[in-house]
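Single-structure report; data block below.
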Amino acid sequence: MFDYNLELNYFLRIIIAGLCGGLIGYERKNRMKEAGIRTHFIVCLSSALIMVVSKYGFQDQIGIKNISIDPSRVAAQVVSGIGFLGAGMIFMRRQSVKGLTTAAGVWATAGVGLAIGSGLYLIGLLSSFIILLGQTILHRNFSWLSTPRTEELNIKVINEPNVVDKIRNIFTSKDIVILSFKIKDGNDNNFDKPKLINMSFVLKVPQTYDTSDFLSMIQKYPFIKYIEF
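1 is the number of the first residue of the sequence shown in full-length UniProt numbering; add one for each residue after it.
Now the structure itself:
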């Protein structure tokens, strides 16, 4: 039998979940991330919908002989299914992994939807607030928590004596650690120009170091002819 008040209550849960997801997505959108308002809205709303269906959608089967109901079975698929969506947001660029925070945020947003869908309004709302608070505050630069970051640098230099040692000394003077590097010929069979070599570095750079300062190396050191980072 259709219960208008009960159905309205379920619908209210879904709407509240969608709003919470939209708020979390708004913060991500402002930071130009892969998943924004719409993605988080849909994830949270659909998670609440699945939770409502899982918990209340099979009540007409209760009491029927040889039929057992597990209210958590359908909702449990949200947790595993959201992993595929999160995996699509994670990619690697220049030795750095991008999208982890957004993927974790989408996973947490699904949890908010499940909580609100099951009727745990306070838990869902407070969790949304904590997620927003964490994503906002932890983006600030805490100097006492700063850790080195990894950067990839490609340079083309004149092949003169001790050029590798010169480059190494430049990095050492700036507290930059060389994690790995490789060298190859950079002349492209042009014998009219000075002998050049390409050097590719993976560097551990202090958090406070501005990578645009790499460009100033061309002016300071004449043997450096090209820089890409």
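The C-beta atom is built at its ideal place from N, Cα and C for all residues, glycine as well.
Secondary structure at N154: strand, using DSSP grouped into helix, strand and coil. The residue among G119, V112, G117 and I116 with its C-alpha nearest the C-alpha of I130 is V112. Membership of E228 in the beta strand (DSSP E) is indicated by the continuous run I224 to E228. Secondary structure of F41 (DSSP, three-state): helix. Contact check for A35 against M89 passes: the beta carbons are separated by less than 8 Å. Only residues of its own chain outside the window of five on either side were considered, and among them I82 and G86 have a CB closer than 6 Å to the CB of W107, listed in chain order. Bridge partners of M199 according to DSSP: I155 and I183. Restricting attention to D70, I218 and D175, the CA atom closest to the CA of I158 is found in I218. Distance from N198 to I183 at the Cβ level is roughly 7 Å; contact confirmed, criterion being Cβ atoms closer than 8 Å.
A direct Cα-to-Cα measurement between L132 and P148 gives close to 26 Å. Scanning its chain for C-beta atoms nearer than 8 Å, with the 5 sequence neighbours on each side dropped, one finds around R38 the residues G25, in chain order. Separation of the CB atoms of V52 and A110 is rounded to 14 Å, and the pair is thereby denied contact status at 8 Å. Bridge pairing for V177: K204 [DSSP]. DSSP places G134 in the uninterrupted alpha helix (DSSP H) bounded by Y121 to I137. Under DSSP, R149 takes part in a beta bridge, and its partners are V205.
At the C-beta level, I155 and I227 come within 8 Å of one another. According to the DSSP assignment, F58 belongs to no alpha helix (DSSP H), since it is labelled neither H nor E.
Across the structure, P206 and T150 are spaced so that their CA atoms are roughly 9 Å apart. For K220, DSSP records no beta bridge to any residue. Under the three-state reduction of DSSP output, K166 falls in the helix class. In the DSSP assignment, T211 falls outside any alpha helix (DSSP H) and carries neither an H nor an E. CA-to-CA, the gap between T172 and K33 works out to about 34 Å.
For K33, the three-state secondary structure derived from DSSP is coil. Burial check for V78: the Cβ neighbour count within 10 Å reaches 16 or more, so the residue is buried.
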